[in-house]
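Visitor:
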Amino acid sequence: MAETLPDDTLDVVIVGAGFAGMYALHSFRDMGLQAKVLEAGSDVGGTWYWNRYPGARCDVPSVEYSYSFDKDLEQEWNWTEIMAAQPEILEYASHVADRFDLRKDIQFQTRVASAAFDERSNRWQVVTEAGETFSARFCVMATGCLSVPNTPTITGQESFAGAVYHTGNWPESGVDFSGLKVGIIGTGSSGIQSIPVIAEQAAHLTVFQRTPNYTMPAANAPLKPEFLRQAKENYPNIRAEQRASQVGIVGYGFGFGGAENVEPTEEIRNTTAAERQRLVEEEGFLAIRRYADVALDEKANELACDMYRAQVSRVIKDPETAEALMPRDYPMGCKRPVIDTDYYETFNRENVTLVDLRKGGIERITPQGLSTAQGEYAFDVLVYATGFDAMTGALGKIDIRGREDVALKDYWDAGPRTYLGLQVAGFPNLFTVTGPGSPSVLSNMIVSIEQHIDWIAQCIADLDQRGAKTIEATSGAEDAWIAHVNEVAENTMFTAQSCNSWYLGANIPGKPRIFMPYVGGVGVYREKCAAVAKNDYEGFLLRA
Ligand code: NA7
Numbered sequence: 002m003a004e005t006l007p008d009d010t011l012d013v014v015i016v017g018a019g020f021a022g023m024y025a026l027h028s029f030r031d032m033g034l035q036a037k038v039l040e041a042g043s044d045v046g047g048t049w050y051w052n053r054y055p056g057a058r059c060d061v062p063s064v065e066y067s068y069s070f071d072k073d074l075e076q077e078w079n080w081t082e083i084m085a086a087q088p089e090i091l092e093y094a095s096h097v098a099d100r101f102d103l104r105k106d107i108q109f110q111t112r113v114a115s116a117a118f119d120e121r122s123n124r125w126q127v128v129t130e131a132g133e134t135f136s137a138r139f140c141v142m143a144t145g146c147l148s149v150p151n152t153p154t155i156t157g158q159e160s161f162a163g164a165v166y167h168t169g170n171w172p173e174s175g176v177d178f179s180g181l182k183v184g185i186i187g188t189g190s191s192g193i194q195s196i197p198v199i200a201e202q203a204a205h206l207t208v209f210q211r212t213p214n215y216t217m218p219a220a221n222a223p224l225k226p227e228f229l230r231q232a233k234e235n236y237p238n239i240r241a242e243q244r245a246s247q248v249g250i251v252g253y254g255f256g257f258g259g260a261e262n263v264e265p266t267e268e269i270r271n272t273t274a275a276e277r278q279r280l281v282e283e284e285g286f287l288a289i290r291r292y293a294d295v296a297l298d299e300k301a302n303e304l305a306c307d308m309y310r311a312q313v314s315r316v317i318k319d320p321e322t323a324e325a326l327m328p329r330d331y332p333m334g335c336k337r338p339v340i341d342t343d344y345y346e347t348f349n350r351e352n353v354t355l356v357d358l359r360k361g362g363i364e365r366i367t368p369q370g371l372s373t374a375q376g377e378y379a380f381d382v383l384v385y386a387t388g389f390d391a392m393t394g395a396l397g398k399i400d401i402r403g404r405e406d407v408a409l410k411d412y413w414d415a416g417p418r419t420y421l422g423l424q425v426a427g428f429p430n431l432f433t434v435t436g437p438g439s440p441s442v443l444s445n446m447i448v449s450i451e452q453h454i455d456w457i458a459q460c461i462a463d464l465d466q467r468g469a470k471t472i473e474a475t476s477g478a479e480d481a482w483i484a485h486v487n488e489v490a491e492n493t494m495f496t497a498q499s500c501n502s503w504y505l506g507a508n509i510p511g512k513p514r515i516f517m518p519y520v521g522g523v524g525v526y527r528e529k530c531a532a533v534a535k536n537d538y539e540g541f542l543l544r545a
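The opening residue of the sequence shown carries number 2 in the numbering used here; numbering runs sequentially from there.
1. Is it the case that the segment 44–55 contacts the segment 194–214, given that we only count it when at least three CB pairs across the two stretches are under 8 Å?
2. If I measure Cβ to Cβ from F372 and keep anything under 6 Å in the same chain, skipping five residues before and after, which residues do I get?
3. Could you give the distance in angstroms between the alpha-carbon of G370 and the alpha-carbon of H167?
4. Identify which residue in V442, V382 and G361 has its Cα closest to the Cα of T393.
5. Contact between the segment 494–506 and the segment 516–523: three or more CB pairs below 8 Å?
6. Would you call K182 buried or exposed, if buried means 16 or more other Cβ atoms sit within 10 Å of its Cβ?
7. How is the beta strand (DSSP E) around C140 delimited, first residue to last?
8. Any idea what DSSP makes of I289, helix, strand or coil?
9. To the nearest angstrom, report how far apart K72 and E65 are at their CA atoms.
10. Which residue spans inside the segment 418–490 form an unbroken alpha helix (DSSP H) run of at least 4?
11. Note down the Cα distance separating N445 from S246, rounded to an integer number of angstroms.
12. Identify whether L103 lies in helix, strand or coil by the three-state DSSP scheme.
13. Tell me whether the beta-carbon of S439 lies closer than 9 Å to the beta-carbon of L421.
14. Measure the Cβ-Cβ separation of Q67 and E77 and say whether it is below 9 Å.
15. How far does the alpha helix (DSSP H) with L396 in it reach, from first residue to last?
16. Taking the Cβ atom as the reference point for each residue, do P265 and A497 lie within a distance shorter than 9 Å?
17. Taking only the alpha-carbon atoms, compute the straight-line gap between K535 and W456 and give it to the nearest angstrom.
18. Relative to the C-alpha of V384, which candidate in A21, S191 and A114 has its C-alpha closest?
19. For D119, does the count of other Cβ atoms within 10 angstroms reach 16, so buried, or fall short, so exposed?
20. Taking buried to mean at least 16 other C-beta atoms within 10 Å of its own C-beta, is T81 buried or exposed?
21. Check whether the Cβ of G506 lies closer than 8 Å to any heavy atom of the ligand NA7, and answer yes or no.
22. Flag this pair as touching only if the segment 326–343 and the segment 307–314 have three or more C-beta atom pairs under 8 Å; answer yes or no.
23. Quick check on DSSP: helix, strand or coil for L280?
24. Would the beta-carbon of T168 be found less than 8 Å away from any heavy atom of the ligand NA7?
25. Would you kindly work out how many angstroms separate the C-alpha atoms of G361 and L355, rounded to a whole number?
26. Would you mind working out which of G42, I83 and G397 sits nearest E227, comparing C-alpha positions?
27. Would you identify the three-state DSSP class for S63, choosing helix, strand or coil?
28. What does the Cβ neighbour count give for T154, buried or exposed, with the cut at 16 atoms within 10 Å?
29. What does a CB cutoff of less than 6 Å around S314 pick up in its chain, not counting 5 residues either side in sequence?
30. Check whether the Cβ of I90 lies closer than 8 Å to any heavy atom of the ligand FAD, and answer yes or no.
31. May I have the straight-line CA-CA distance separating A426 from C460, to the nearest angstrom?
32. Could you say which of T111, I269 and P237 lies nearest to A288 if we only look at CA atoms?
33. Output yes or no for whether 9 Å exceeds the beta carbon distance between I450 and Y50.
34. At 3 residues or longer, and completely inside the segment 292–350: list those beta strand (DSSP E) runs for me, N to C.
35. Return yes when at least one heavy atom of the ligand NA7 lies under 8 Å from the C-beta of N214, else no.
36. In the DSSP output, which residue or residues are listed as bridge partners for M217?
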């Protein structure tokens, strides 16, 4: 275990050594601050450390899903695919840790149990599960948005005789499915990415699907050396465009790297049924990318869903399986878009069975497999691809106490409350990186992480410069921000009544139904944060 710094020397405790925690450490150290990272895993990488399931891949072009803070780093790292797979991203994280000598200030295998603000000393007391205490002026929660795996409670689940895995907590040594019968629950992004790879290896795969998803072919390919050279030359422009964009993605990986980039410019409502049919036959799922009104208008969305279902029935040979795979009753785009490699084709394999739980749900897990209202299914290995307690899960697992011993859990009882997704009223000097109320999971996470860390670093520098000891959001500013976050999310596909996404907390029984991320856009949000700082930290209270 690394040496614990004496109580009063730390400026910042950072919780988590994913991309946010790593950049936070680098930035704070650069400012001359004493910073320490506490990380539950045994190495850096966060999401990419835990999600090692077969087929795990990023859905953002690799040249864009990378740090921008160091020009040499940009130039020396060579991505090999348009969209990088998990091992390559983890290797990149490790390279960054080596290059900036980050590990010396990261304490691994250290899970934080509690964090309390001491009003007398104006310091955070952060206590680990092993009972170690770290005291610092600031506490930065870089705990990730999808870092607490959700395993549903199912009767009999402890009785299963075989091995059990969760995609979000995959063993480092990997899993060999050769010759085994596998059951997988869940068809979100993790299920959709892993199902084709597991199916290739396993003797048989049974997929238990509660809700069919909309997923698009990734059109991934190796990066051409010429493209990479151009991208590196173009980095200043790419970064500037990302920062001003809606979701922090320019789509630069497409168009140049091999895959086609289609700007949605047409209106689906102006097309005829015959045209739509022709396009589906020519372009498959990707035909839908042409239309700009699909994201904005319910009728347009339904037309796109019809095109989508038409393509599913073209790809899937068995009509009953095709019908089961067709999403209905909720709009395309209300959940996080999924991209896949050979997902639908996998259901044409002899060794894959789809169980449509809409025809009869899971009743219990048995020692041999799973029992549903439709019958019994036997397998040797069970995989949960059942998602995460998103955005608030990791913060909820730490006992966080602000002024007057108020628990964050209680304060957020009816849903998360933040100012700019950065701070919570009553919790001075605590920062939440890509917290609820910021673009966060609706954006390229690395772009949003860098923006938050840069803002927090500047804020700490400003406080120190003017001799202020604490900064905290006022409840008035918090109320106004929440009202704004809700207002911009209204009347979008994200908040449709029929939508049950993890953005809304709808995947976790009992979690308040609140749309958590900020839909206003990365560029707009960045300007708002900059204006707040410039306006003497408007909406925050600074105390000497
Ligand atoms: P998701 O997208 O939350 O998907 C979880 C899946 O698990 C989804 O199909 C769920 O069905 C299913 N699920 C959850 N609980 C159950 C129970 N009790 N019974 C049957 N099926 C269940 O998580 P992912 O890990 O795939 O992806 C999360 C994000 O990671 C993704 O958006 C990317 O950003 C990366 P449901 O739809 O709730 O009916």
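Backbone N, C-alpha and C fix where the C-beta goes; we use that ideal spot for every residue, glycine too.
Guide: A quick look at the data gives this:
1. yes
2. Checking the sequence, you will find Ser at residue 372 rather than Phe. These residues qualify, in order along the chain: E364 and R365.
3. 16 Å
4. V442
5. yes
6. buried
7. T134 to M142
8. helix
9. Between the alpha carbons of K72 and E65 lies a gap of roughly 14 Å.
10. 446–467 and 476–490
11. 10 Å
12. coil
13. yes
14. Per the sequence shown, residue 67 should be read as Ser rather than Gln. Cβ atoms of S67 and E77: not closer than 9 Å.
15. Per DSSP, L396 belongs to the alpha helix (DSSP H) from G394 to K398.
16. no
17. 11 Å
18. Distances from the alpha-carbon of V384 to those of A21, S191 and A114 put S191 closest.
19. Taking a 10 Å sphere around the C-beta of D119, we find fewer than 16 other C-beta atoms and assign the residue as exposed.
20. exposed
21. G506 Cβ: outside cutoff for every heavy atom of the ligand NA7.
22. Between the segment 326–343 and the segment 307–314 there are three or more C-beta pairs closer than 8 Å, enough to call the two in contact.
23. helix
24. yes
25. 13 Å
26. When only C-alpha atoms are compared, the closest one is I83.
27. coil
28. exposed
29. Once the five neighbours on either side are set aside, the close Cβ partners of S314 are A323.
30. The ligand FAD is absent from the structure shown, which contains only the ligand NA7.
31. Rounded to the nearest angstrom, the two C-alpha atoms are 16 Å apart.
32. Checking every option, the nearest Cα to that of A288 belongs to I269.
33. no
34. 339–341
35. Yes, the ligand NA7 has a heavy atom inside 8 Å of this Cβ.
36. I340
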